[in-house]
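Protein sequence lines correspond, in order, to chains F and R.
Mapping the first sequence onto our numbering, position 611 (from 1) lands on 596, and the numbers just tick up by one.
Mapping the second sequence onto our numbering, position 17 (from 1) lands on 25, and the numbers just tick up by one.
For every residue, glycine included, the Cβ atom is placed at its ideal position computed from N, Cα and C.
This structure is a prediction, so every number in the text was calculated from the model and none was measured.
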Amino acid sequence: MAAYKYIGKRITRIDARPKVEGSLKYPSDIYEKGMVWGRVLRAAHPHARILSIDTSEAKKLRGVVAVLTHEDVKGSNRFGIERQDQPVLCSDRVRYVGDAVALVGAQTKEIAEKALGLIKVEYEPLPLVDDPRKALEKDCVPLHEGGNIVHELHFTRGEIDAGFAKADVVVEQTYRTQMMDHGFIETEAGFATVDADGLLTVRCGGQYAFRDVTQISRALDYPEEKIRVIEPYTGGAFGGKDEVTVQILLALLALKTRRPSKIWFSREEHFISCTHRHPVEIRMKTGAMRDGTLVAHEVWALQDGGAYASLSGPVLCLVVEHGCGPYLIPNLKVDGWAVYTNNGMSGAYRGFGATQAHVAMESQMNILADRLGLDPLALRAKNVIRQGDIFGIGQPMLMAFGVDKTVEKAMAHPLWAERDRVKAEIDRSRPDNRWKKRGVGVACCFQGSGLGKGLPDYAATTLELSADGAVTLYQGTIEIGQGSYTGIAQVAAEVLDVPPAAIRFVGADTKLTLDSGTTTASRVLYAAGQATLLAARALAARIREVAAKKLAVDAESLALADGAVHTADGSRSVSFVEIAAAGPLREEGIFNIPVAKEEFSMGLPHLVFCSNTQIVLVEVDTLTGEIAVKKVVAIPDCGTVINPINVEGQSEGGIVMGIGYALWEENVLEKGRFKNTGLSTYILPASWEVPEIETIPVEVPEGSGPFGARSVAEVVTTPTAPAILNAVADAIGVRFTELPVTPEKVIAALDKKTTVSHRDHRDRRERHLDCRHGSTRMATD
Amino acid sequence: MTITVSLFGAYRSYAPESEFAMELPEGATPRAIAERLGIPRTASLWALVDGRRAPLDAVLRDGSAVSLFQPVGGG
C-alpha cells in the first residue's frame, strides 16, 4: 500500500475538542430570548376516528402563543420519505398512539405542556390491527386506502424443489425479531426562525437536510427557495432521524407565530412517536449437501411497518436481498411482505433489514453445521461469495469484496481456533461462577453500500482555498457521531497536504453546501469521500496552475506541502495565502455511486458491499438466566481504512448495539400502546456490560472509493446478535429463535430442557436477582 | 441540442425507455423535459444535471445528462 501522510492514520476527530468542551451546539442546545416552546398533543388511541378537536380552553391559557391543528396547515399536511401517507397534524383519524393531533406554542415548556391538557379531542375508537398476520387477512380493516400491504416482493432463482431434492440435510425454522429503539442520546430537536423576507431557517437533527426542505415545502405549501435547513451535527441517529421528526412542526410553528420556535421531544415522546427497527417474522428453510454445499434456500418474511410507510418498502428490499446471507445458493425462493398495523412506527435503522435477515440466516448456518458435523466457520468458508460470483437474487459481485478473508482470519483467531481452551478457562472456585457455562459463537454478514439500483445516488463536495490561505470543505452530509467529517477531511488533507484539523468544515446547510445525498446506507465515507477526493484533485491542479505562473515553472513539477507550493528542488515556494490573494479558488467534486446492470425492484440490487465476521464469547448463568458477553472479535471488510480510530469506534458502538438487540432491548407494545417509554424500563446496555472488543479490519481496496475505502457503518452491528445466539447454543445447548433472549427465556428453556427439578435453583435465583438488579432492571424482562 | 434523459422510480412510466435522448431547443430546462413528458409539477420532482443536483429551472447545455426522480431513499 502506498505511503500516506494522513490516510490510515489514527487522527483525532476534528470535532473532538468542541464536543468535549461543550462549545459545539447540538440542535437541542439552541435557545433564544422570546422563543416559543412547541409541544405536541399525541393521539389518545392507537386507532380511532377524530370526531372533534376543541382548542378554545388551551388558547385562553396565559402564556400560550398558538394552538394549531390540521386547519392551520395549508399544504398537503402529509409527509413520508417513500410515500406521503403520514399527517403532520391529524384531521379525521389516528392510526397510532404517536400521531400528532395538535401543536401548542407557548412562552415556556411548562405552559405548553399544561395547554396540551386543555385541548379536548373526541374520538370514536376503531378496530385495532395489532398483529401483522391479521393485517394480511383479506377481511382485516384497511388502515390506508389500498389496504394494509405497504410492499411485497417475490423472487425465485434456479429450481427450488430440485434444489431441496439434492439436499442431504434440510433445516426449517421460524425466527422473530423485535421492535427496537435507536437509543441515541439526543432526542429529536430543532429550532426555527423566519426573517422579515420570509426565509424560514430550520436547525435540527436529521439525516438529509435537502430532502427535509422538500418535505417541509410539500406539507406546508411553502416555497422551497424560502426554506433553509441546517443540520451538520446531530446527537445520534442510526436511521432514526432519516424520516422527518420535528422539522415540519417547527416550520409550522415558526411560520404561524413569526417567533423563534423550539421543539425538543421528551424521551417518552420519542419512544411513542418515532420510527423503530422493524419487528420481522422470518421463516427459513435451507438445504445443504453432506459436504456442506448449500443447494436451496427458501425465505418467508413478514415485516410490521406500523402505522405509516416511511421506509418499510426499502427495508423489506434489504431483508430480501440479504435473506441468503453472504453465501452462494443456486436455488432460492424469497417472499416478503411489509404491512401496516397500529403498532407504533418502524423505519430506517442501522442494518436496514439486513440485520433481521442475518439473525435468521446466521442461525440457520450454525444449525446446519451442527447437523452436518462441520465446523461452523468451515461451512461458511465453503459457501461464501467471492468477487465475480453471481449470488443472492441473481446479481454479480463485481466490486471488491472480502468476506472470505474475514472468515479466514476468524478461523485463525485464538478465540475460535482455541475455543475449547477459552471455554474451559472459567474459575470454578468462585461461587458466582458455579452455574456459569461458556460458549463461543460466530456470525458473518454483508451489507450493500448506497441506495441500490433505481435511485440516483450522488455525492458532491466543494473545496475552497480561501483568501486567508485556509482550505474550506463544504459537504452536505451530516456528522451524526460516526466520525465521517474527520474521514472526509483526511481525504482532502492527503491530496492538498494540509493537516485535517486545519481544514474548515462546513456541513449540511442547504444554502451553503451542495446536495450530497443521504447520511444513511453505509454510503457517506465511500460516496462523499470520493466526491471530496475528486474536488481535492481539481483544487490541487488549480493551485498548481496559479503557482506555476507565479514561479514561472511547469505546473506538473510543483508539489503541495504544508500550506504552500514548492518547486521540485525545494528552492522556491509560494504560499496558499499568496495563491488566494487574487480571490478564493473553488472546485467541485461530483461522484455517482456505480450501480448494477440488473434491476429487480427499486433499490435492488446493490453493487458495492461491505462485510464483517464476528466471534463472540458468552457466559450463561444457568442459575439466573443472565447472559454476559465477555469478548467480541470483529473482522470488518470495509476497504482501505481511512482512520483506524473511527473504524474501531464504529465497530465497538455497533457491537454494543448488537448486544442490546440480542439480550435486552425491546419496545413492548400491548394493544397498540407502548409499555416501556423510558430508559428505566427500556433496557440499553450499560458500560459494565460492554465486553472486551478486538477489531481487526481486513482491507480489500475498492477502486471506486477514496483511496480504496468503502464504508463500515452498518456491518459492524449486524453479526453480533446471531453470533450471540450461536454462542448461547454452544454454551447451554439451547437454540433461541426469538429476540431478545432475556433471563426469563433462558430459565424457561433450561427448565424445559432438563427433567431435574429446578425448585432449589429457583429459590436461589430469586434471591440472587433481588440483590443484583433490584426490581427496575428486571421490570420488562 | 441533444439531452440524455434518465427517469427513475414513478417517473419511468412517462416514457417507453428509462434512458433516452431528447432533442430540445437552446435554453431548455429539466422542467421543460418534465412538461414534455407529462410529469406533473409537484415538489416531489427532483433533477440531477450531469450527476449534480440542480434546480428544475437550470439551463441545460448540449450533451447534458438529466435524471428526473423523486427524493426517496433506501439503505
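Report yes or no: is there a C-beta of chain R within less than 8 Å of the C-beta of residue i?
{"i": "F/Ser760", "result": "Only weak support exists for where F/Ser760 lies, its pLDDT of 37 falling under 50; the value from the coordinates is given anyway. By this cut-off, F/Ser760 is not an interface position."}
{"i": "F/Asn577", "result": "yes"}
{"i": "F/Tyr646", "result": "no"}
{"i": "F/Gly347", "result": "Per the sequence presented here, residue 347 of chain F reads as Glu, with Gly not at that position. Judged by the 8 Å Cβ criterion, F/Glu347 is not in contact with chain R."}
{"i": "F/Tyr443", "result": "yes"}
{"i": "F/Thr219", "result": "no"}
{"i": "F/Leu499", "result": "yes"}
{"i": "F/Phe337", "result": "yes"}
{"i": "F/Met396", "result": "no"}
{"i": "F/Met384", "result": "no"}
{"i": "F/Glu67", "result": "yes"}
{"i": "F/Thr93", "result": "no"}
{"i": "F/Ala333", "result": "yes"}
{"i": "F/Leu543", "result": "no"}
{"i": "F/Gly183", "result": "no"}
{"i": "F/Met165", "result": "no"}
{"i": "F/Ala506", "result": "yes"}
Determine, for residue i, whether the minimum Cβ-Cβ distance to residues of chain F falls below 8 Å.
{"i": "R/Ser21", "result": "no"}
{"i": "R/Ala51", "result": "yes"}
{"i": "R/Gly82", "result": "yes"}
{"i": "R/Phe28", "result": "no"}
{"i": "R/Pro38", "result": "no"}
{"i": "R/Pro33", "result": "no"}
{"i": "R/Pro24", "result": "no"}
So the candidates are the options; which of them puts its Cα closest to the Cα of residue i?
{"i": "F/Thr242", "options": "F/Glu283, F/Gln92 and F/Arg188", "result": "F/Gln92"}
{"i": "F/Tyr16", "options": "F/Glu563, F/Cys189 and F/Lys367", "result": "F/Cys189"}
{"i": "F/Glu283", "options": "F/Ser251, F/Gly321, F/Val114 and F/Ile170", "result": "F/Gly321"}
{"i": "F/Trp249", "options": "F/Glu573, F/Arg268, F/Glu173 and F/Met269", "result": "F/Glu173"}
{"i": "F/Ser501", "options": "F/Ala487, F/Thr517 and F/Arg489", "result": "F/Thr517"}
{"i": "F/Ile732", "options": "F/Lys421, F/Gly645 and F/Thr340", "result": "F/Lys421"}
{"i": "F/Val305", "options": "F/Ala1, F/Gly588, F/Thr739 and F/Thr680", "result": "F/Gly588"}
{"i": "R/Val13", "options": "F/Pro441, F/Pro311, F/Arg78 and F/Lys44", "result": "F/Pro441"}
{"i": "F/Glu584", "options": "F/Gly426, F/Arg413, F/Phe140 and F/Thr666", "result": "F/Phe140"}
{"i": "F/Glu210", "options": "R/Gly83, R/Asp65 and R/Ser75", "result": "R/Asp65"}
{"i": "F/Pro12", "options": "F/Pro245, F/Pro569, F/Glu171 and F/Val135", "result": "F/Glu171"}
Report back the beta-carbon spacing between residue i and residue j to the nearest angstrom; my notes put them in contact at under 8 Å.
{"i": "F/Ala647", "j": "F/Ala567", "result": "Between F/Ala567 and F/Ala647 the Cβ distance is about 60 Å, and since that is not below 8 Å, they are no contact."}
{"i": "F/Val155", "j": "F/Lys270", "result": "6 Å"}
{"i": "F/Val214", "j": "F/Asp227", "result": "F/Val214 to F/Asp227, Cβ: 14 Å. No contact."}
{"i": "F/Arg27", "j": "F/Ser258", "result": "6 Å"}
{"i": "F/Ala477", "j": "F/Ile600", "result": "No, F/Ala477 and F/Ile600 are not in contact; Cβ-Cβ is about 36 Å, not under 8 Å."}
{"i": "F/Gly773", "j": "F/Val701", "result": "No answer is possible for residue 773 of chain F: it lies beyond the span of chain F, which begins at -14 and ends at 766."}
{"i": "F/Asn316", "j": "F/Ala147", "result": "7 Å"}
{"i": "F/Ala339", "j": "F/Thr703", "result": "6 Å"}
{"i": "F/Gly298", "j": "F/Glu67", "result": "5 Å"}
{"i": "F/Leu458", "j": "F/Arg489", "result": "7 Å"}
{"i": "F/Gln232", "j": "F/Val187", "result": "6 Å"}
{"i": "F/Gly424", "j": "F/Lys408", "result": "7 Å"}
Quick one: what's got a C-beta closer than 6 Å to residue i's C-beta in the same chain, skipping five residues either side?
{"i": "F/Glu723", "result": "Arg161"}
{"i": "F/Asp606", "result": "Trp420 and Lys421"}
{"i": "F/Trp649", "result": "Ile668 and Pro725"}
{"i": "F/Thr768", "result": "Residue 768 of chain F falls outside the range modelled here, since chain F spans only -14 to 766, and no answer is possible."}
{"i": "F/Val52", "result": "Thr40, Ala43, Lys44 and Val89"}
{"i": "F/Phe692", "result": "Ile(-8) and Thr625"}
{"i": "F/Trp401", "result": "Ala395 and Ile600"}
If you drop the 5 nearest sequence neighbours on each side, which residues of the same chain put their C-beta closer than 8 Å to that of residue i?
{"i": "F/Ser742", "result": "Note on F/Ser742: pLDDT 48, under 50, position unreliable in the model; the coordinate value appears next. Hits under 8 Å: none found."}
{"i": "R/Arg49", "result": "Arg39, Ala42 and Glu43"}
For residue i, I'd like the list of residues in its chain whose CB is within less than 7 Å of its CB, leaving aside the five on either flank, ordered along the chain.
{"i": "F/Ser696", "result": "Ser434, Ser507, Arg508, Val509, Leu510, Tyr511, Cys595 and Cys623"}
{"i": "F/Val614", "result": "Val601, Val603, Ile644, Pro676 and Ile709"}
{"i": "R/Asp70", "result": "Met9 and Thr10"}
{"i": "R/Leu45", "result": "Tyr22 and Ala23"}
Any heavy atom of the ligand MG closer than 7 Å to the CB of residue i?
{"i": "F/Ala537", "result": "As for the ligand MG, it is missing from this structure, which has no ligand bound."}
Taking 8 Å as the CB-CB limit, is residue i close to chain C?
{"i": "R/Gly46", "result": "Within the model displayed, chain C is absent; protein chains F and R are what it includes."}
Mind listing which residues of the stretch 274 to 307 of chain F have their C-beta closer than 8 Å to chain R's C-betas, in chain order? Leu296, Pro299, Val300, Cys302 and Leu303
Check each residue of the stretch 56 to 77 of chain R: if its Cβ is closer than 7 Å to any Cβ of chain F, include it; give the result in chain order. Leu56, Gly59, Arg60, Arg61, Ser75 and Phe77
Going along the stretch 448 to 468 of chain F in order, which residues come within less than 8 Å of chain R, judged by CB to CB distance? none
What residues from the stretch 416 to 438 of chain F come within 7 Å of chain R, judged by C-beta to C-beta, listed N to C? Leu436 and Gly437
Output needed in chain order: residues of the stretch 197 to 213 of chain F with a Cβ under 8 Å from some Cβ in chain R. Thr199, Ser202, Arg203 and Glu209
Scan the stretch 573 to 602 of chain F for residues whose Cβ lies nearer than 8 Å to a Cβ of chain R and list them as they occur along the chain. Glu573, Ile575, Phe576, Asn577, Met587 and Gly588
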